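S.K.: So the sequence shown is numbered by our numbering: it starts at 2 and just counts up by one.
Using N, Cα and C, we set each Cβ at its ideal position, and we do this for glycine too.
Nothing here was measured: the structure is a model prediction, and the numbers come from that model.
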Amino acid sequence: MHAAEHRASRAICLCVDDFGLHPGINSAALRLASEGKVHAIGCMTGGPAWRAGSRLLRAVPLQALDTGLHLDFTETPLKGKAMSLGSLIATSSLGRLDLRAVRAEIRAQLDAFEQAMGRSPAFIDGHQHVHQFAGVRDELLDLLDSRNISPAPWLRSTRVPRQWLSGSPGGWMHSLKSRFIESLGADSLATQARSRGYSQNAHLLGVYDFRGGPMRYLQWMAAWLGSAEDGDLLMCHPSESTGKTDPIARARQAEYKVLCSKDFEAMLLASGVTLMPMSRVLAAARPD
Numbered sequence: 002m003h004a005a006e007h008r009a010s011r012a013i014c015l016c017v018d019d020f021g022l023h024p025g026i027n028s029a030a031l032r033l034a035s036e037g038k039v040h041a042i043g044c045m046t047g048g049p050a051w052r053a054g055s056r057l058l059r060a061v062p063l064q065a066l067d068t069g070l071h072l073d074f075t076e077t078p079l080k081g082k083a084m085s086l087g088s089l090i091a092t093s094s095l096g097r098l099d100l101r102a103v104r105a106e107i108r109a110q111l112d113a114f115e116q117a118m119g120r121s122p123a124f125i126d127g128h129q130h131v132h133q134f135a136g137v138r139d140e141l142l143d144l145l146d147s148r149n150i151s152p153a154p155w156l157r158s159t160r161v162p163r164q165w166l167s168g169s170p171g172g173w174m175h176s177l178k179s180r181f182i183e184s185l186g187a188d189s190l191a192t193q194a195r196s197r198g199y200s201q202n203a204h205l206l207g208v209y210d211f212r213g214g215p216m217r218y219l220q221w222m223a224a225w226l227g228s229a230e231d232g233d234l235l236m237c238h239p240s241e242s243t244g245k246t247d248p249i250a251r252a253r254q255a256e257y258k259v260l261c262s263k264d265f266e267a268m269l270l271a272s273g274v275t276l277m278p279m280s281r282v283l284a285a286a287r288p289d
């Protein structure tokens, strides 16, 4: 197989995070899904716009979109108080999480998703990647095992493509953010997921500093599409409008502008990348 032929065969999934956090995110995600640009949406079931958004999300055909749980402990959890990301990382790393509370929170968010959507999530990931943290991942996997969901949800991997670390638009400083996210539990989650039969995406793309506006985001997108491999997940955070207390509101609008643009459509076509639900990508990769 020639290198060009291999590059042309890549299938990845573009996923919108934070559905339910505010109406602007919901409307952006639904529009991009209707245009066939987005094939996965991660849902925050404690978000103020979740209940209204879920009714619209339910109407999207299952074969067109993976809808999943965007597990949240730092923004709008359902049962406990929101923790700062730094506090959660420290408490998790030191083995001091209240595991009963963690399990209760995961259960509540899973229940809320199933009640609103009428089905189990196609995938599970985490707001600020909390699903992979020590303690959280263990309780999550135990709870999933006990529910025996079929088909089993795929779990987000935050592994970074090796070739990406030296070639990103942000240079080595940017690679530190990607490496840090990966270090918070990617390898441990992969080991546990594999042993229990849960599939994962190959690598995670879409990590950046949320700065620079539309032109800079378009540069990032070119780099992500250019380095993407079969089975990779590209996360995004678009919104049509700003949330009142959203710290990345301007970045969300910049992302949305790019994803709606002709420039993105042309870039996608030229890249040879095919966008589809991750569940379909993973199913195609399984041996018969």
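1. Buried or exposed: which applies to residue 132, given that a residue is buried once 16 or more other Cβ atoms fall within 10 Å of its Cβ?
2. So what does DSSP say about residue 275, is it helix, strand or coil?
3. Where residue 136 and residue 234 are concerned, what is the direct C-alpha to C-alpha distance, given to the nearest angstrom?
4. Does the structure place the region 61-77 close enough to the region 41-53 that three or more beta carbon pairs sit under 8 angstroms?
5. Quick one: using the 10 Å Cβ neighbour count with 16 as the cut-off for buried, is residue 287 buried or exposed?
6. So, with DSSP's three-state summary, where would you put residue 68?
7. Which residues does DSSP pair with residue 41 in a beta bridge?
8. Evaluate contact between the region 21-29 and the region 240-247, counting only Cβ atoms and requiring at least three cross-stretch pairs below 8 angstroms.
9. From residue 82 to residue 237, what distance separates their C-alpha atoms?
10. In this structure, does DSSP put residue 205 in helix, strand or coil?
11. Considering only the alpha carbon of each residue, which of 226, 34, 255 lies closest to residue 63?
12. What residues in its chain sit with their C-beta under 7 angstroms from that of residue 114, if we drop five residues either side in the sequence?
13. I need the DSSP call for residue 54, collapsed to helix, strand or coil.
14. Do residue 80 and residue 276 have their C-beta atoms closer together than 8 angstroms?
15. At which residue ranges does the region 116-147 contain complete beta strand (DSSP E) runs of 3 or more residues, listed in the order of the chain?
16. Pull up the DSSP beta-bridge partners for residue 237, would you.
17. Would you kindly report the start and end of the unbroken alpha helix (DSSP H) that includes residue 26?
18. Under 8 angstroms between the Cβ atoms of residue 86 and residue 75?
19. Classify residue 1 as buried or exposed, calling it buried when 16 or more other Cβ atoms lie within 10 Å of its own Cβ.
20. If we count the other Cβ atoms within 10 Å of its Cβ and call it buried at 16 or more, is residue 291 buried or exposed?
21. Let me check understanding here. Comparing Cα to Cα, which of 199, 12, 220, 203 lies closest to residue 209?
M.R.: In this structure, then:
1. It is buried - the Cβ of residue 132 has at least 16 other Cβ atoms within 10 Å.
2. Residue 275 falls in the strand class under three-state DSSP.
3. Distance between the alpha carbons of residue 136 and residue 234: 24 angstroms.
4. Cβ pair count under 8 angstroms is three or more, so yes.
5. Counting Cβ neighbours within 10 Å, residue 287 comes out exposed, since fewer than 16 surround it.
6. Strand at residue 68.
7. The partner list for residue 41 (beta bridge, DSSP) reads 16, 67.
8. At 8 angstroms Cβ cutoff, the stretches touch.
9. Computed Cα separation, rounded: 26 angstroms.
10. DSSP places residue 205 in the strand class (E or B) of the three-state scheme.
11. Closest by alpha carbon: 34.
12. Answer for residue 114: 44, 46, 70, 122, listed in chain order.
13. In the structure shown, residue 54 falls within a helical segment according to DSSP collapsed to helix, strand and coil.
14. Not in contact: residue 80 and residue 276 (Cβ atoms no closer than 8 angstroms).
15. The region 116-147 contains these whole beta strand (DSSP E) runs: 124-127.
16. Residue pairing by DSSP puts residue 237 in a beta bridge opposite 17.
17. Unbroken alpha helix (DSSP H) run through residue 26: 24-35.
18. Less than 8 angstroms divides the Cβ of residue 86 from the Cβ of residue 75.
19. Since the displayed the chain opens at 2 and closes at 289, residue 1 lies outside it and no answer follows.
20. Residue 291 falls outside the range modelled here, since the chain spans only 2 to 289, and no answer is possible.
21. It is 220 whose Cα lies nearest to the Cα of residue 209.
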